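> Going by our numbering, 184 is the number at position 140 of the sequence shown; the sequence numbering is gapless. I'd like to ask you about the structure that follows.
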Amino acid sequence: MTKREAVLEALAHRPVEPVPYYMDFTGQEGEKLAAYLGDPDFRQKLGNYLSCAYYSGDSLPIPGRPGYFRDEFGVVWNRNGADKDIGVIEEPIFTEPDLSLYQFPEPDKEKLHALFSELERRQTDGFKIAMFGFSLFERAWTLCGMENLLVYMVSDPAFVDGLFEEITNWNMQVLDIALQYKFDAFHFGDDWGQQRGLIMGPRHWRRYIAPCLKKIYGRVRDAGRFLSQHSCGDIYEVFPDLIEMGLNIYQTFQPEIYDVEKVKREYGQDLTFWGGISTQAILPHGSPDEVRAETRRMIRIMNQNGGYIAAPTHSVPGDVPPENILAMLEVFSDGKITAADWGR
45 MTKREAVLEA LAHRPVEPVP YYMDFTGQEG EKLAAYLGDP DFRQKLGNYL
95 SCAYYSGDSL PIPGRPGYFR DEFGVVWNRN GADKDIGVIE EPIFTEPDLS
145 LYQFPEPDKE KLHALFSELE RRQTDGFKIA MFGFSLFERA WTLCGMENLL
195 VYMVSDPAFV DGLFEEITNW NMQVLDIALQ YKFDAFHFGD DWGQQRGLIM
245 GPRHWRRYIA PCLKKIYGRV RDAGRFLSQH SCGDIYEVFP DLIEMGLNIY
295 QTFQPEIYDV EKVKREYGQD LTFWGGISTQ AILPHGSPDE VRAETRRMIR
345 IMNQNGGYIA APTHSVPGDV PPENILAMLE VFSDGKITAA DWGR
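So, in structure tokens, the structure goes:
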């Protein structure tokens, strides 16, 4: 069975042994792990079952301002703090709720074709996913500021409707290009949750976000591809909505937030869960033996009747000891990849 076939089995809700898995890393953690292993090409040896092309728009350095970047929407990001990969926005583009203040950019079609064609040509037996970051709510709040957007949802609904329509139209242009290539699935990144519940609440999620998702998801479903959605935090309240829209995969699945056995029991027949190994607790703070035990426990629960892709809950951050990553990988690979492969 190829890795792609193993993922397809999981998506069909049939148990797979060993379970399909995937891991990636923040820039800081990737550098630390490469130095620890003495191998800058270690990613090619992890045995990941997913092959991903990630697109969230270009961010270019701003001359004369070290650590500052401007994305293609004009938002300035400061990466001089703890978060070197994304950063924090300097100031909103929309200083008031008026769409006439801003002209949305056109997607760079040449760069998109280059990105997607590279993955299509990649020699892999893995499951190919095109990934889109900052796809809807996140794009809106980076343009408005988080607090402002939440206020506008109450005070200026027409503005928010127009803003989400513009963002959706931009996404559809990118998606139409990506659909020309042989991807198995399309993955949309858009954080809606916090530790307890949705940031905007279920009523506003259904009012503003759900109609846009239906349009985006519908285009993917009509093309016969799988759908994957990333959201940090607790989005339990809208699992039924997402299932009704045709979602196949939910990532990331945080054990600090969800009762994993309950969620698996209630929604495991409809959703494939991707994640489950905590980057908030066990990976940074546990011992290698504790990581192995927790990884085995999560696989035992979540791989019942398939529907599971084992993974850390996020890109592994810079506070995780390399020994814990190797302990998790040892379990993922059923002992086929261990620290000894790098002479550790």
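Backbone N, C-alpha and C define an ideal beta-carbon position, used for all residues, glycine too. Everything numeric in this text was worked out from a predicted model, so none of it was measured.
Are there 16 or more other CB atoms within 10 angstroms of the CB of lysine 76, so buried, or fewer, so exposed?
Label assigned to lysine 76: buried.
> Cutting at 7 Å between CB atoms, please list the residues of its own chain near aspartate 169, excluding the five before and the five after it.
Only Thr46, Lys47 and Arg48 meet the Cβ criterion.
> Look up lysine 172 in the DSSP assignment and give the residues it is bridged to.
Answer is Ser95, bridged to lysine 172.
> Kindly list the residues whose CB is nearer than 6 Å to the CB of arginine 183, restricted to its own chain and excluding five residues on each side of it in sequence; keep chain order.
Contacts found: Ile211.
> I need the straight-line Cα distance from isoleucine 221 to glutamate 164, nearest angstrom please.
So the alpha carbons of these two residues sit roughly 13 Å apart.
> Please list the terminal residues of the continuous beta strand (DSSP E) segment that includes histidine 274.
Run containing histidine 274: 270-274, per the beta strand (DSSP E) assignment.
> Would you list the one or two residues that DSSP bridges to valine 360?
Per DSSP, Phe69.
> When the Cα atoms are used, what is the spatial distance from glutamine 348 to histidine 57?
Looking at the two C-alpha atoms, the distance is approximately 9 Å.
> On the premise that glutamine 239 lies in contact with aspartate 278, defined as a C-beta separation below 8 Å, what is that separation, rounded to the nearest angstrom?
Correct: roughly 7 Å between the Cβ atoms.
> Given a threshold of 16 other Cβ atoms within 10 Å of its Cβ, counted over all protein chains shown, does aspartate 234 qualify as buried or as exposed?
Aspartate 234 comes out buried.
> Rounded to the nearest angstrom, what separates glutamate 374 and proline 332 at their Cα positions?
Roughly 10 Å between the two C-alpha positions.
> With the cut-off set at 8 Å, would you say glutamine 113 and leucine 104 are in Cβ contact?
Here residue 113 is phenylalanine; the residue named in the question, glutamine, does not match the sequence. Against a cut-off of 8 Å, the Cβ pair of leucine 104 and phenylalanine 113 comes out as a contact.
> What does glycine 319 pair with, by DSSP beta-bridge criteria?
Looking at the DSSP assignment, glycine 319 forms a beta bridge with Phe297 and Ala354.
> Quick check: what's the CA-CA separation for threonine 316 versus proline 107?
Cα-Cα distance, rounded: 44 Å.
> Are glycine 111 and isoleucine 381 closer than 8 Å when you measure CB to CB?
Not closer than 8 Å, so no.
> Restricting to Cα atoms, I'd like to know which of Glu367, Ala383, Ile345 and Ala384 is closest to proline 426.
Examination of residue 426 is not possible in this model, given that the chain is present from 45 through 388 alone.
> What is the rounded straight-line gap between the Cα of proline 365 and the Cα of methionine 342?
Their Cα atoms are separated by approximately 20 Å.
> Using a Cβ-Cβ cutoff of less than 7 Å, which residues in the same chain neighbour isoleucine 243 once the five nearest sequence positions on both sides are dropped?
Here the set comprises Trp236 and Gly237.
> Are glycine 351 and alanine 54 closer than 8 Å when you measure CB to CB?
It is a contact, given that the beta carbons lie within the stated cut-off.
> Using 8 Å as the Cβ pair cut-off and three pairs as the minimum, do the region 256-269 and the region 187-197 touch?
Verdict: no, contact absent.
> Cβ of phenylalanine 160 within 8 Å of Cβ of tyrosine 252?
Taking 8 Å as the Cβ cut-off, phenylalanine 160 and tyrosine 252 do not qualify as a contacting pair.
> Taking the alpha carbon of glutamate 150 as the point to measure from, which residue in Tyr98, Gly245, Gly125 and Val218 has its own alpha carbon closest?
That would be Val218, whose Cα lies nearest to the Cα of glutamate 150.
> Assuming contact is defined by CB atoms lying nearer than 8 Å, are phenylalanine 171 and aspartate 228 in contact in what I supplied?
Yes, Cβ-Cβ distance for phenylalanine 171 and aspartate 228 is below 8 Å.
> Span of the alpha helix (DSSP H) holding leucine 55?
Counting along the chain, the alpha helix (DSSP H) containing leucine 55 begins and ends at 47-55.
> DSSP state of phenylalanine 160, grouped into three classes?
Helix at phenylalanine 160.
> Given a cut-off of 8 Å on the beta-carbon distance, is the pair alanine 174 and histidine 231 in contact?
Yes, Cβ-Cβ distance for alanine 174 and histidine 231 is below 8 Å.
> What residue does the alpha helix (DSSP H) around phenylalanine 283 start on, and which one ends it?
Phenylalanine 283 -> alpha helix (DSSP H) spans 283-289.
> Where does proline 105 fall in DSSP's three states?
Strand.
> Identify the residues that DSSP records as bridge partners of glycine 206: which are they?
DSSP output for glycine 206 lists no bridge partner at all.
> What first and last residue would you give for the beta strand (DSSP E) that runs through valine 63?
First-last for valine 63: undefined, no H or E at that position.
> Does serine 331 get closer than 8 Å to chain C when you measure Cβ to Cβ?
No chain C appears in this structure, which consists of one protein chain only.
> Valine 132 by DSSP, collapsed to three states: which one?
Here valine 132 sits in strand by DSSP.
> Terminal residues of the continuous beta strand (DSSP E) containing aspartate 235?
Here aspartate 235 belongs to no beta strand (DSSP E), and DSSP marks it neither H nor E.
> Alanine 184 by DSSP, collapsed to three states: which one?
It is helical.
> Out of Leu223, Trp185, Lys89 and Pro84, which has the shortest C-alpha to C-alpha gap to glutamate 140?
Checked all of Leu223, Trp185, Lys89 and Pro84; the closest Cα to glutamate 140 is Trp185.
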